[in-house]
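A.B. asks: If you use my numbering, the sequence shown corresponds to residues 34 to 290, in order.
Cβ atoms here follow ideal geometry from the backbone N, Cα and C, with glycine treated the same way.
Please see the structure below; I have some questions.
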Amino acid sequence: MAGLQVLHRLPARTGWVVKQVAWVVLGIVVYFGVRGRTAASPETARENAEEVVALERRLGIQVEGALQAPVNESATLEAVVNWIYIWGHWPVIIATMVWLVWRHRVVFVRLRDAMMISGGVGMVVFALYPVMPPRLADLGLLDTVTNSSEAYRVLQPPAFVNQYAAMPSLHSGWDLLVGMAIVAAASSVWLRAIGFIMPMLMAVAVVFTANHYILDVVAGVSLVLVAHAAALALERRRARHDAPAGCSAEDETLSAA
């Protein structure tokens, strides 16, 4: 109750921002708390991984080994894909959300909702269909990230990481959502270009580092696109039912989010 009273005393803009930050932090804590403690046996995760690999072979897209080969032969390329995988995810997500929450609130709420929807569905899939990533599935692929850098263990401590949450790839999916948000909000051509390019680089990096199968990326992208559509539907619903006549788009978001 004391926290709510403090929020009510803050100016409307600051109070709204604090409220959104609190929701996002709570969502992150819940996501990693549940994901990191989702029980799955290595045997089940390996069997499911074998199913994914078998399907990729039937589709003619089981090429993770061929894609990682150049990475193993080039220390520079390995460093680049590792950097993208580590620093192109949570640091970019957090920086983008900070920018949006102050400058583009409608887009912020849309991104927040899409991440929460896709994260919720993802946690269910992780629990029901745990999949061992390529780096652990005895496919002859190397874990280039944790073998070469300690930074990822700092950004995502092992205690909060589910090793068998390969399907779907929210690493690539959430970067796509962030890229879409940047494109929607940015006026700078360079920022919009980053919004377009960044998700593609991450989709490549998660496969090249042996953290995800190609089908994981396909599933992650499909999931976040559906979640984004749902977030847009929520946005329109709030605008129709909650905003008073003559209210601006940002005022609608402030009153409804």
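1) Look at the alpha carbon of Ala282 and the alpha carbon of Val131, and state the distance between them as a whole number of angstroms.
2) Are the beta-carbon atoms of Val291 and Gly206 separated by less than 8 Å?
3) Report the option in Met235, Ala217, Val58 whose CA atom is closest to the CA atom of Val113.
4) Could you please give me the residues that DSSP links to Glu164 through a beta bridge?
5) Which of helix, strand or coil does DSSP assign to His122?
6) Kindly confirm or deny that the region 82 to 92 and the region 162 to 171 touch, where touching means at least three C-beta pairs closer than 8 Å.
7) Please report the distance separating the alpha-carbon of Ala160 from that of Ile119.
8) Restricting to runs no shorter than 4 residues, where is the alpha helix (DSSP H) found entirely within the region 209 to 287?
9) Is it buried or exposed, Ala108, if we count other Cβ atoms within 10 angstroms and call 16 or more buried?
10) Nearest-angstrom Cα distance between Leu175 and Trp223?
11) So, helix, strand or coil for Asp176, using DSSP?
12) DSSP three-state call for Ser107: helix, strand or coil?
C.D. replies: Walking through what the data contain:
1) By one-based count along the sequence shown, residue 282 stands at place 249. By one-based count along the sequence shown, residue 131 stands at place 98. Because the pLDDT of Ala282 is 48, which lies under 50, any placement of that residue in the model is unreliable, and the number read from its coordinates should be weighed accordingly. Approximately 19 Å between the Cα atoms of the pair.
2) In this structure the chain extends from 34 to 290, so residue 291 is not present and cannot be described.
3) Here residue 113 refers to the residue found at position 80 of the sequence shown. The option with the nearest alpha carbon to Val113 is Met235.
4) Here residue 164 refers to the residue found at position 131 when the sequence shown is read from its first residue. Checking the displayed sequence, the identity of residue 164 turns out to be Val instead of Glu. Note: Val164 sits in a beta bridge opposite Ala198.
5) As a position in the sequence shown, residue 122 is number 89, starting the count at 1. In this structure, His122 counts as coil in the three-state DSSP scheme.
6) yes
7) As a working mapping, residue 160 is identified with position 127 in the sequence shown. As a working mapping, residue 119 is identified with position 86 in the sequence shown. Those two C-alpha atoms are separated by around 24 Å.
8) 222 to 241, 247 to 274
9) Translated into the one-based positions of the sequence shown, residue 108 becomes position 75. Ala108 should be labelled exposed.
10) Residue numbering aside, residue 175 sits at position 142 when the sequence shown is read from its first letter. Residue numbering aside, residue 223 sits at position 190 when the sequence shown is read from its first letter. Cα to Cα, Leu175 sits roughly 34 Å from Trp223.
11) For this step, residue 176 is matched to residue 143 along the sequence shown. Note: Asp176 maps to coil in three-state DSSP.
12) Taking the first residue of the sequence shown as 1, we reach residue 107 at position 74. Reduced to three states, the DSSP call for Ser107 is coil.
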